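Residue numbers (this note's numbering): 1027 to 1166.
Comments concern the structure below.
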């Protein structure tokens, strides 16, 4: 194992501490990270990862204090700024595609230039989508 390829360590210590204290790989990695002023975190109990759908839920989780800031060179280099919290409280790892499905016999493709085009009067009463109270539509 090349410890120089790691920029942080998260230790989940809810199990036997001896699994960590007696593990030579963990000892070498912790020493390397500590000597290079890199992040080492541990959790004794509680949730370690929050997986949710929709940016609105991530925003609420942060507002309610359910997240904490993470500083990771790897995450910052691989996840664009528009897909992560400015304070490092969350990183989005997936995106949702919003796709128009239409009958080309009834609709001209040019009339569907962007998402707002379905608000044109010609489409009134002709668009099928989830309810406006659904989380996916609320965050549009």
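The C-beta atom is built at its ideal place from N, Cα and C for all residues, glycine as well.
Note that this is a predicted model, so its numbers are computed, not measured.
| message | Strictly by DSSP, which residues pair up with residue 1048? | response | If you number the chain shown from 1, residue 1048 lands on position 22. By DSSP's assignment, residue 1048 forms no beta bridge with any residue.
Checklist entry - Looking at residue 1034 and residue 1098, is the spacing between their C-beta atoms short of 8 angstroms? => result Here residue 1098 corresponds to residue number 72 of the chain shown, with the count starting at 1. Here residue 1034 corresponds to residue number 8 of the chain shown, with the count starting at 1. Yes, the Cβ-Cβ distance between residue 1098 and residue 1034 is below 8 angstroms.
Exercise. Which runs of the alpha helix (DSSP H), 4 residues or longer, sit entirely within the region 1084 to 1142?
Worked result: DSSP runs (the alpha helix (DSSP H)) wholly in the region 1084 to 1142: 1099 to 1104.
Quick one: does the C-beta of residue 1033 sit closer than 7 angstroms to a heavy atom of the ligand ATP? The ligand ATP is absent from the structure shown, which contains no ligands of any kind.
query = Buried or exposed: where does residue 1163 fall if 16 or more other Cβ atoms within 10 Å of its Cβ makes it buried?
reply = Counted from its first residue, the chain shown places residue 1163 at position 137. Residue 1163 should be labelled exposed.
TODO: Answer with buried or exposed for residue 1115, where buried requires no fewer than 16 other C-beta atoms within 10 angstroms of its C-beta.
DONE: Here residue 1115 is taken as the residue at index 89 of the chain shown, counted from 1. Around the C-beta of residue 1115, 16 or more other C-beta atoms lie within 10 Å, and the residue is accordingly described as buried.
- prompt: Do you know offhand how far residue 1154's Cα is from residue 1092's?
  reply: Start at 1 with the first residue of the chain shown, and residue 1154 comes out as number 128. Start at 1 with the first residue of the chain shown, and residue 1092 comes out as number 66. If you draw a straight line from the Cα of residue 1154 to the Cα of residue 1092, it comes to about 35 angstroms.
Requested in this report: Evaluate residue 1110 with the Cβ neighbour count: other Cβ atoms within 10 Å of its Cβ, from every protein chain shown; 16 or more gives buried, anything less gives exposed.
Outcome: Reading the chain shown from its first residue, position 84 is the one you call residue 1110. It counts as buried.
Identify whether residue 1035 lies in helix, strand or coil by the three-state DSSP scheme. Within the chain shown, the letter at position 9 stands for residue 1035. Shown here, residue 1035 sits in a strand according to DSSP, grouped into three states.
Check your understanding: Going along the chain, which residues of its own chain have a beta-carbon closer than 6 angstroms to the beta-carbon of residue 1105, five neighbours each way excluded?
Key -> In the chain shown, the residue the question calls residue 1105 occupies position 79. Close CB contacts of residue 1105 within its chain, under the 6 angstroms cut and outside five residues either way in sequence, are with 1117 (chain order).
| query | Can you name the residues that DSSP bridges to residue 1065? | reply | As a working note, residue 1065 is residue 39 in the chain shown. For residue 1065, the pairing in a beta bridge is given by DSSP as 1034.
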